[in-house]
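Heads up: the structure comes next, in structure tokens.
Chains as they are written, first to last, in the numbering used here: chain A, 190 to 471; chain B, 44 to 831.
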């Protein structure tokens, strides 16, 4: 959260000045493609959570029109370490590997094994729970613009443990989702409120929220390690136009190539409970 | 101590045997009584002379006889006086500014210039405020920090970055002093302007290397800024009205003409117009400089100086940020006798920054307090030997931050990060020794020590590793805390001490040129932690301790210095090589805000820099200015060390953020007539090293950039041209009120220099693009300066 604060602070200060931004052509180097493992096993609270999928792809040059190239022919298995159960994910031939008999258990440790192109990748994580969302509502006076609507999410942070959260918001008219991460470092045990305000930005034809707009919210409880990973990912992702961003560094997830350690995979293997809510502005 | 006493006795004995006498005194400007630093006072026809010290004091010892004393100072007419040196005596001088003429003024090459070429002091630039005022700057605001960047070896991170970099060093490696008080943040509005109000400043000394033993605490440079004492002859009002801010300074004699005072203020007001226009956001700054002095008698003088400055940002919707410096200095000059001058100073300085975020319902306050006592002595033993010695003690109190909720319903829990306290001392001796007619040496030793004090609890880590390399994941993580050690108030946590030798030599080739060489070792005990590409007000100063070691630097320099055409032109060529041990860098993904255990985010590394600087300067005539060029390299390496693992960037050397291969600056001023003067600046610099993406992939529905080795790419080269014109309408010398109009155009050809280039998905099309952020395009300005 503090990183978000810092980003807001410096962007706000920046907003004052006569700085201008423009898009330019830049030459960048091209690294060899690397495997990307997007293994996000999300267990929606109130459901059985048996259907899960893992996405595999490879990276591409930065300015390519295709963000990733799909990977087929890999072998994907998730094992529940506590009871030794294996869950095989079946190749759907479109980069997605699925299973419909996954058994999610809170706090159980799981390992992921991906075999692709002669290399074996392993990752370990445990399944994290998440509290329910207390309330979702709208406000107008928060944020930077007194006339822009905000959607608010309230939840009660458990006092007896360290909690980390990942929130994804998809709003209609937003091409891309908005990603947040936060920890309870400064708010442990308290009723915590998070909001998202969409500011008007004529350069990208974006408007403020108006009555009738809807947003889809996904609220995940994650591990401290994932929180560190995704926090850095979001920081780098939001660095556009920010001269105070941190020096970009390679993002290392938890998927290790045991055959050839130099050839680690992008992405992350995480298991989380999620609360999904949607809200329509009035 | 015994050895020192012995040395005195020896020298005094030697001198009396020769029947030498001493003449000493103070050199002041006739128009306003300001003391002149660095004026050359010498005996015509001999090689005997001295330079005035920071307070205008000089002392010359020579054999009995009759001499013509000459006082020579750039920009002033030479003054001479015949004296009969048959006893120790005091002679004060008042010098007058050179009258302005269209023809070039020719000055006979005197012994005065020899003293300058002769001094072994190298890597230093002295800039008088009159020179700084001639350099055109953005929005018409004369700026000390921007002016020094026109000198070779000095750069910065762009128009909106705070601080400056010397010889590839970091911003926190510069000791910035305003009347001896330490300044922690030299900028207003994040680097757009500096905190130095030109109306209150007398002169500025920048040591890029060869730092004299009397200074300590930072490894790259010393920027010593001195305020004016205040006109002791007459009341004077100086000021200016500009586009962004205005200034007013009042000075005059006080205490029945036994002293003078100066009060100068400056405030920005652009925010008022914005408010009137309905804009709800504002950014403003203001400063206040004051100084007063009182001459008790010929041998004792008291000075009191102070500075208060503040920056305030306010964003409607509950965002408020403010930061600023506050400092004060009480000084007592005491002249023991004709040869021994002393100064004792009591200094207080405070730097704080506040952040109020209504949106998140919390307030953050952090500060640094300094209490400092200094005692400096100059002993002019003989014509061939001068001794400076003294001591300095500083007590630091760092408050890294207190977070508190601002409303009852705020989810924020109050948190106070522990205060960090420390005590730094320095003891130095420096000798300037004329070995032969051509060879002069300066050698000194500084002994510095730094003790970290409680009250504090320091975390203990398993295997004494606050940071550990996780081999499996390939990242650095915080070590395991296994308990803490509680230190009582003022209990010693850790002590460091270092011997810092500073040596330089100059050899005079002929009347006009010399070669110099020097070596210096410096230690730095406090550090500014910043893991962003530019320094922000949220960055934290932290003292050395159990986990952070002091930075230690060795610098070697050689140079060739030459004056041509009666000292109209001067050429300085200097090559340097500098290494720094214990330069901190941050593990990937480090988080520094609100971090009580910084040691879990850092690794100790080393840095090295080397380069060649060339400065060609024309200081006389209607056409003056300089051309500076530096070719250099600055890089660092951070190995894993105790934490294990390869380190940052795989343990390989990488370009530091301050590396600029080529840096070319030209600044000229041309006085066409009594009414019109034109000025221009031209700058060209290699772009800053940055890390560009080398690929992309999809995750959570967005395109994520992947990055490779650190700082392999560069921003595009930075270049611009500024022009200015100064118009003085009233030429009537008898009129009390004088004014001038300054018209300026910054960045005449509207070059969009990249302050940063960032990469991301276009929010509308989803395609990846590179976005350049530039700060100033073409900016015209008008300002009016007056003096009454």
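Quick reminder that beta carbons are idealized off the backbone N, C-alpha and C, glycines included.
These numbers come from a predicted model, not from an experiment.
Check, Outcome
"Cβ contact (3+ pairs, closer than 8 Å) linking the region 734-743 of chain B and the region 711-724 of chain B", "no"
"Contacting positions in the region 364-380 of chain A - beta carbon closer than 7 Å to chain B", "364, 365, 366, 368, 375, 376, 377, 379, 380"
"Segments assigned beta strand (DSSP E), at least 3 residues, entirely inside the region 159-201 of chain B", "167-171"
"Cβ-Cβ distance between residue 79 of chain B and residue 138 of chain B below 8 Å", "yes"
"Alpha-carbon spacing of residue 147 of chain B relative to residue 624 of chain B, whole angstroms", "With a pLDDT of only 35 at residue 147 of chain B, under 50, the local geometry of the prediction cannot be trusted, and the value read off the model is given with reservation. Each residue's alpha carbon lies about 50 Å from the other."
"Sequence-distant residues of the same chain with beta carbon closer than 6 Å to residue 351 of chain B, five excluded per side", "331, 369"
"Nearest-angstrom beta carbon gap, residue 269 of chain B and residue 135 of chain B [assumed within contact, 8 Å]", "Actually they do not touch by this definition, with Cβ atoms about 20 Å apart."
"is_contact[residue 674 of chain B, chain A] using C-beta, thresh 8 Å", "no"
"Any C-beta of chain A under 8 Å from that of residue 731 of chain B", "no"
"Members of the region 207-227 of chain A that neighbour chain B once the beta carbon cut-off is set at 8 Å", "207, 208, 209, 210, 211, 212, 213, 214, 215, 217, 218, 219, 220, 222, 223, 225, 227"
"At least 3 beta-carbon pairs within less than 8 Å: the region 241-261 of chain B vs the region 782-798 of chain B", "no"
"Residue 392 of chain A (DSSP reduced to helix, strand or coil)", "helix"
"Cβ of residue 803 of chain B within 8 Å of any chain A Cβ", "yes"
"Paired residues, beta bridge with residue 350 of chain B - DSSP", "B:332, B:370"
"Under 8 Å (Cβ pairs) to chain A, residues found in the region 805-818 of chain B", "805, 806, 807, 808, 809, 810, 811, 812, 813, 814, 815, 816, 817, 818"
"Cβ of residue 365 of chain B within 8 Å of any chain A Cβ", "no"
"C-alpha gap between residue 71 of chain B and residue 665 of chain B, whole angstroms", "25 Å"
"Any C-beta of chain B under 8 Å from that of residue 446 of chain A", "no"
"Any C-beta of chain B under 8 Å from that of residue 278 of chain A", "no"
"Complete beta strand (DSSP E) runs within the region 229-293 of chain B (minimum length 3 residues, chain order)", "244-250, 264-270, 279-284"
"Nonlocal neighbours in the same chain, by C-beta distance under 6 Å from residue 502 of chain B, ignoring five residues either side", "524, 527, 640"
"Distance, residue 293 of chain B Cα to residue 150 of chain B Cα", "Residue placement at residue 150 of chain B is flagged as unreliable, the pLDDT there being 37, under the threshold of 50; the coordinate-derived value follows with that caveat. Taking the straight line from one Cα to the other gives about 35 Å."
"Residue 791 of chain B versus B:803, B:762, B:773, residue with shortest Cα-Cα distance", "B:762"
"According to DSSP, residues forming a beta bridge with residue 355 of chain B", "B:327, B:365"
"Bridge-paired residues (DSSP) for residue 426 of chain A", "Paired residue(s): none; residue 426 of chain A is not in a bridge."
"C-beta neighbour in chain A for residue 739 of chain B, strict 8 Å", "yes"
"Endpoints, the beta strand (DSSP E) within which residue 343 of chain A is located", "339-345"
"is_contact[residue 156 of chain B, chain A] using C-beta, thresh 8 Å", "For residue 156 of chain B, the predicted model reports a pLDDT of 38, less than 50, meaning its position is unreliable and no value from the coordinates is stated."
"Reduced DSSP secondary structure (H/G/I, E/B, other) of residue 575 of chain B", "strand"
"Short CB-CB distance (under 8 Å) between residue 371 of chain B and chain A", "no"
"C-alpha distance - residue 788 of chain B paired with residue 195 of chain B, whole-angstrom precision", "23 Å"
"Cutoff 8 Å: residue 299 of chain A Cβ touching any chain B Cβ", "no"
"Cβ separation of residue 335 of chain B and residue 297 of chain B, assumed to be a contact under 8 Å, to the nearest whole Å", "7 Å"
"Selection of the region 739-753 of chain B by Cβ proximity to chain A, strictly under 8 Å", "739, 740, 741, 742, 743, 744, 745, 746, 747, 748, 749, 750, 751, 753"
"Contact set between residue 417 of chain A and chain B, taken where Cβ atoms lie within less than 9 Å", "518, 520, 632, 634"
"Buried versus exposed call for residue 256 of chain B [16 or more other C-beta atoms within 10 Å across all chains shown]", "buried"
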